[in-house]
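Protein sequences, first through last, are from chains A and B. With the first letter of the first sequence counted as 1, position 212 gets the number 212 in our numbering; the numbers rise by one all the way through. With the first letter of the second sequence counted as 1, position 132 gets the number 132 in our numbering; the numbers rise by one all the way through. C-beta: ideal position from N, C-alpha, C; glycine also.
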Amino acid sequence: MKPPPFEYYAPTTVEEALVHLSEHGYDAKALAGGQSLIPTMNFRLAQPSVLVDLNNVSELFYIRPDENGGLRLGAMTRHFQVERSSLVSERTPLIYEAMPKIATTQIRSRGTFGGSIAHADPSAELGAISIALGGRFRLRNQTGERWVPANEFFIGMFTTLLEPDELLVEASFPNMPPRTGWALQEVARRPNDFALVGVAAVVTLDKKNQCQKARIVFLSVGDGPVEAHRAAETLTGQTLTPEIIHAAAETAATADIDPGSDIHASAEYRRRLAGVLTRRALDAAFERAKGSS
Amino acid sequence: MRHLFDVGVTVNGTRYERTVEPRLLLSDFLRHDLGLTGTHVGCEHGVCGSCTILFDGQPVRSCLMFAVQANGHEILTVEGLGTPEDLHPLQEAFWEAHSVQCGFCTPGLLMTLVPFLEENPNPNEGEIRAAISGNLCRCTGYQHIVDGVKLAAQKMSA
Numbered sequence: 001m002k003p004p005p006f007e008y009y010a011p012t013t014v015e016e017a018l019v020h021l022s023e024h025g026y027d028a029k030a031l032a033g034g035q036s037l038i039p040t041m042n043f044r045l046a047q048p049s050v051l052v053d054l055n056n057v058s059e060l061f062y063i064r065p066d067e068n069g070g071l072r073l074g075a076m077t078r079h080f081q082v083e084r085s086s087l088v089s090e091r092t093p094l095i096y097e098a099m100p101k102i103a104t105t106q107i108r109s110r111g112t113f114g115g116s117i118a119h120a121d122p123s124a125e126l127g128a129i130s131i132a133l134g135g136r137f138r139l140r141n142q143t144g145e146r147w148v149p150a151n152e153f154f155i156g157m158f159t160t161l162l163e164p165d166e167l168l169v170e171a172s173f174p175n176m177p178p179r180t181g182w183a184l185q186e187v188a189r190r191p192n193d194f195a196l197v198g199v200a201a202v203v204t205l206d207k208k209n210q211c212q213k214a215r216i217v218f219l220s221v222g223d224g225p226v227e228a229h230r231a232a233e234t235l236t237g238q239t240l241t242p243e244i245i246h247a248a249a250e251t252a253a254t255a256d257i258d259p260g261s262d263i264h265a266s267a268e269y270r271r272r273l274a275g276v277l278t279r280r281a282l283d284a285a286f287e288r289a290k291g292s293s
Numbered sequence: 001m002r003h004l005f006d007v008g009v010t011v012n013g014t015r016y017e018r019t020v021e022p023r024l025l026l027s028d029f030l031r032h033d034l035g036l037t038g039t040h041v042g043c044e045h046g047v048c049g050s051c052t053i054l055f056d057g058q059p060v061r062s063c064l065m066f067a068v069q070a071n072g073h074e075i076l077t078v079e080g081l082g083t084p085e086d087l088h089p090l091q092e093a094f095w096e097a098h099s100v101q102c103g104f105c106t107p108g109l110l111m112t113l114v115p116f117l118e119e120n121p122n123p124n125e126g127e128i129r130a131a132i133s134g135n136l137c138r139c140t141g142y143q144h145i146v147d148g149v150k151l152a153a154q155k156m157s158a
């Protein structure tokens, strides 16, 4: 239960970190919070020969407002910092609401926003939430940088668009339009366990309180976050009556996802949870949207 | 050729300097290199909580950090919480409420609860149970632990 030997670098700038990642390519792993990487190394399921420790790269730790009313998070910002940030609760309340549901306090003392995104665990809340909020991620390598929308970033089980010589440096979220509501619903055996199924919903209403736009994104039902496009389409332009919400939840559970069975839950149970949780999330998001203008 | 790294770390108020392999876990460093065996090792993958320490004041799983990462930082372990002659009120409460059976989970619980009680001086049962959800106990069934926390809260606010 101890990792095999590895080379270790502790850069203090992004530039330095990129030099090491570029030099070692697939042999190197970036170490952020370590709350997912170190257990896998202790089990020897992952055996990187080079570790690039980002915990001294102070330029990656920040929570900033952007000029348009949105939010920018440095990739190394720790969950406990986000959990206590009034800026996060104002600008991206869905992220703020998710924090206590992410693992335990001890994990949140070290775990980072960027680390969670880059690790791309299918049960991670932050990936699904980033998509629901229309967020995007800034990736940097030695030659430049690129922005990737959250809904294009996750491409498979624990797999993202990040190249071996690239570092995720920032997550950026647009401002929430007026009359926007949000909710996160999940079910786990204990409050801090991995979710069996979870769903993030963001709903924006127009001036007549009809749904202008909805985004419904699941966690724990596939290889990564799964967006329920069909269900969201059924809501556009509609007045969100309980019947319409119920129908959308059914669509999400039957047509938009294809969950698998494992030792934690069967596919049928996951589908049932998906339907119930989507209905609750849409109800809550709708109520919040009506209440906010 | 294996590179070794210097670690300078303050633990329970005392400064230590050692040279270690990067793969040495912080939990093993505390126990073997510093002889502070109060911090326990249960799972080495971050689920049992018996290795919990305070790192710059934050509760952290020491099995999920490398000793090299502690360079320049401050750590509090259970040995720094109190002594048999001068127990921390939380330790006293655990004793009085029979929150300890085999004691394996106890240091991790104490280090988790110290910052919790600082931020939540008057927690209810639900909040206490949520706070300790990252610490597994095989002996007590948690009820007396919850009682110990309530008693500690009383003692600490008196």
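Does the beta-carbon of residue i have 16 or more other beta-carbons within 10 angstroms, so that it is buried, or is it exposed?
i, result
"Tyr26(A)", "exposed"
"Lys207(A)", "exposed"
"Arg91(A)", "buried"
"Gly72(B)", "exposed"
"Cys102(B)", "exposed"
"Asp283(A)", "buried"
"Gly198(A)", "buried"
"Ala158(B)", "exposed"
"Gly35(B)", "exposed"
"Gln143(B)", "exposed"
"Gly275(A)", "buried"
"Arg189(A)", "exposed"
"Ser85(A)", "buried"
"Arg270(A)", "buried"
Counting contacts by CB-CB distance shorter than 9 Å, is residue i in contact with chain B?
i, result
"Pro39(A)", "yes"
"Gln35(A)", "yes"
"Ser130(A)", "no"
"Gln238(A)", "no"
"Arg44(A)", "no"
"Phe6(A)", "yes"
"Asp258(A)", "no"
"Ala17(A)", "no"
"Pro11(A)", "no"
"Leu60(A)", "no"
"Asn68(A)", "no"
Checking the sheet assignment: what are the DSSP bridge partners for residue i?
i, result
"Ile75(B)", "Val11(B), Phe55(B)"
"Phe137(A)", "Val148(A), Ala171(A)"
"Tyr64(A)", "It is worth fixing the name first, because residue 64(A) is Arg in this sequence and not Tyr. Arg64(A) is bridged to Arg72(A)."
"Gln81(A)", "BP columns for Gln81(A) are empty, so no partner."
"Arg270(A)", "Paired residues: none, contrary to the question."
"Ala214(A)", "Val203(A)"
"Thr160(A)", "Phe154(A)"
"Lys29(A)", "Leu51(A)"
"Val5(B)", "Note that residue 5(B) is Phe in the sequence shown, not Val. The partner list for Phe5(B) (beta bridge, DSSP) reads Val20(B)."
"Ala183(A)", "Ala201(A)"
"Thr112(A)", "Arg78(A)"
If we define contact as Cβ-Cβ less than 9 Å, is residue i a contact residue for chain A?
i, result
"Ala93(B)", "no"
"Cys105(B)", "no"
"Met156(B)", "no"
"Arg18(B)", "no"
"Glu74(B)", "no"
"Gly69(B)", "According to the sequence as given, residue 69(B) is Gln; it is not Gly. Yes, Gln69(B) counts as interfacial toward chain A."
"Ser50(B)", "no"
"Ala130(B)", "yes"
"Phe29(B)", "no"
"Leu25(B)", "yes"
"Cys139(B)", "no"
"Pro115(B)", "yes"
Show which residues of chain A have a CB atom less than 9 Å away from the CB atom of residue i.
i, result
"Thr112(B)", "Thr104, Thr105, Gln106"
"Phe5(B)", "Tyr8, Ala10"
What residues of chain B sit near residue i, judged by a beta carbon separation below 8 Å?
i, result
"Phe80(A)", "Gln58"
"Ser109(A)", "Phe55, Gln58, Pro59, Val60"
Can you pull the chain A neighbours of residue i, defined as C-beta to C-beta under 7 Å?
i, result
"Glu44(B)", "Met1, Asn42"
"Pro123(B)", "In chain order: nothing, as chain A lies at least about 13 Å away."
"Leu109(B)", "Ordered by position in chain A, no residue passes the 7 Å Cβ test against Leu109(B), which lies about 11 Å from the chain."
"Ser133(B)", "Thr104, Arg190, Pro191, Asn192"
"Leu136(B)", "Correct list: empty, because the minimum Cβ distance to chain A is about 11 Å."
"Arg2(B)", "Pro5"
Could you work out which residues of chain A lie near residue i, taking near to mean beta carbons separated by less than 8 Å?
i, result
"His32(B)", "Result: empty, since nearest Cβ-Cβ is about 12 Å, beyond 8 Å."
Run down chain B in chain order and give the residues with a C-beta less than 9 Å from the C-beta of residue i.
i, result
"Asp53(A)", "Pro22, Phe66, Val68, Gln69"
At 4 residues or longer, and completely inside the segment 213-287 of chain A: list those alpha helix (DSSP H) runs for me, N to C. The qualifying runs are 229-235, 242-251.
With a floor of 3 residues, list each beta strand (DSSP E) that falls wholly inside the segment 85-158 of chain B, ordered by position along the chain. Segments of the beta strand (DSSP E) lying fully in the segment 85-158 of chain B: there are none.
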